[in-house]
Amino acid sequence: MPYAQAIADEGAAINRCPPGGDEGITKLASLLSVPVLELDTSCGAHLPLRVAVIDEQFCIGCTLCIQACPVDAIIGANKFMHTVIAADCTGCDLCVTPCPVDCIEMVTVEPARLWTTADATEARLRYDKRQSRIAEMTAINIRTEAIVESEIGKSVQAQAEQQSTQPLAQKNTDKQAVIAQALARARARRLGA
Ligand code: SF4
Ligand code: SF4
103 MPYAQAIADE GAAINRCPPG GDEGITKLAS LLSVPVLELD TSCGAHLPLR
153 VAVIDEQFCI GCTLCIQACP VDAIIGANKF MHTVIAADCT GCDLCVTPCP
203 VDCIEMVTVE PARLWTTADA TEARLRYDKR QSRIAEMTAI NIRTEAIVES
253 EIGKSVQAQA EQQSTQPLAQ KNTDKQAVIA QALARARARR LGA
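For the sequence shown, our numbering gives the first residue as 103, with consecutive numbering after it.
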């Protein structure tokens with residue numbers, strides 16, 4: 103997607119997509135009414151489709167590969183083993199570099215085959231779904247932070263109003279109770295968001 107945007111918005115060359123190869127370049131040239139170019143091999147070679155494979159015995163469950171995968175093709179959880187869903191992997195390599203223990207390897211799909219239009223369509227759908235999920239989670243986090251800040255502000259104000267009239271021990275106990283209540287309310291709202 104960023105490359106497509108760069109072509110559309112910034113005039114990036116149409117020959118910088120190794121997975122698309124000559125067929126992709128020809129389609130882009132036709133779509134944009136520009137000359138066909140040879141693949142820029144400094145971006146990589148047009149190879150048979152590869153997928154990522156995690157050597158699970160070395161995985162430390164850091165989740166960095168999940169965060170890097172643009173199509174949600176990796177499953178796992180913090181401090182648990184991760185694995186790649188081969189059928190959903192586009193072979194983009196983006197998960198390889200972030201892995202701190204180098205336990206992700208790219209292997210050629212057997213039997214070897216090239217990237218197809220159907221693969222591209224499926225990958226685009228998965229990418230769009232991931233972007234929607236990230237946008238939704240970001241919106242929820244922003245709302246939650248605003249609520250927590252508001253509740254903490256209210257509790258601080260309430261505490262200030264009580265300070266002048268209560269003994270110190272009672273003030274501390276009340277302060278903790280008010281903050282605990284504020285956080286509980288914020289948590290309840292977040293779960294209901
Ligand atoms: S190679 Fe790309 S698509 Fe496949 S698992 Fe790694 S980041 Fe995801
Ligand atoms: S980046 Fe590597 S170590 Fe971390 S979860 Fe993924 S495969 Fe495991």
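Ideal placement from N, C-alpha and C gives every residue a C-beta, glycine not left out.
Note that the structure is a prediction, hence the values are computed from the model and not measured.
Boundaries for ALA147: no beta strand (DSSP E) harbours it, and the DSSP string shows neither H nor E there. The Cβ atoms of ARG152 and THR218 do not sit closer than 8 Å to each other.
Check the Cα spacing between ILE249 and each of VAL280, GLN259, ALA284: the tightest is with ALA284. Contact between the stretch 234-247 and the stretch 164-173 is absent, with fewer than three C-beta pairs closer than 8 Å. Fully enclosed alpha helix (DSSP H) runs of no fewer than 4 residues occupy 166-170 of the stretch 152-237, in order along the chain. GLY193 has its CB nearer than 7 Å to a heavy atom of ligand 1. Rounded to the nearest angstrom, the Cβ distance from CYS201 to CYS167 is 6 Å, consistent with a contact under 8 Å. Here the C-alpha atom of GLU247 lies approximately 12 Å from the C-alpha atom of GLY255. Residue CYS194 holds the alpha-carbon nearest to the alpha-carbon of HIS148 among GLY113, THR275, CYS194. The DSSP-derived three-state label of GLU253 is helix.
Excluding five sequence positions before and after GLU207, the CB atoms of its chain that fall closer than 6 Å to its own CB belong to VAL155, given in chain order. SER135 sits in coil when the DSSP states are folded into three classes, being neither helix nor strand. For ASP111, the uninterrupted alpha helix (DSSP H) run begins and ends at 104-112, by DSSP. Here the alpha carbon of ARG289 sits roughly 20 Å from the alpha carbon of GLN259.
The Cβ-Cβ distance between ILE127 and ILE116 falls below 8 Å. Look at ASP142 here: in three-state DSSP terms it is coil, with no helix or strand label. Contact between ASP157 and LEU141 does not hold, since the beta-carbon distance rounds to 31 Å and is not under 8 Å. With respect to CYS161, ILE176 sits apart: the two C-beta atoms are not nearer than 8 Å. When the five nearest sequence neighbours on each side are left out, the beta carbons in the same chain lying within less than 7 Å of the beta carbon of ILE281 are those of SER257, in order along the chain.
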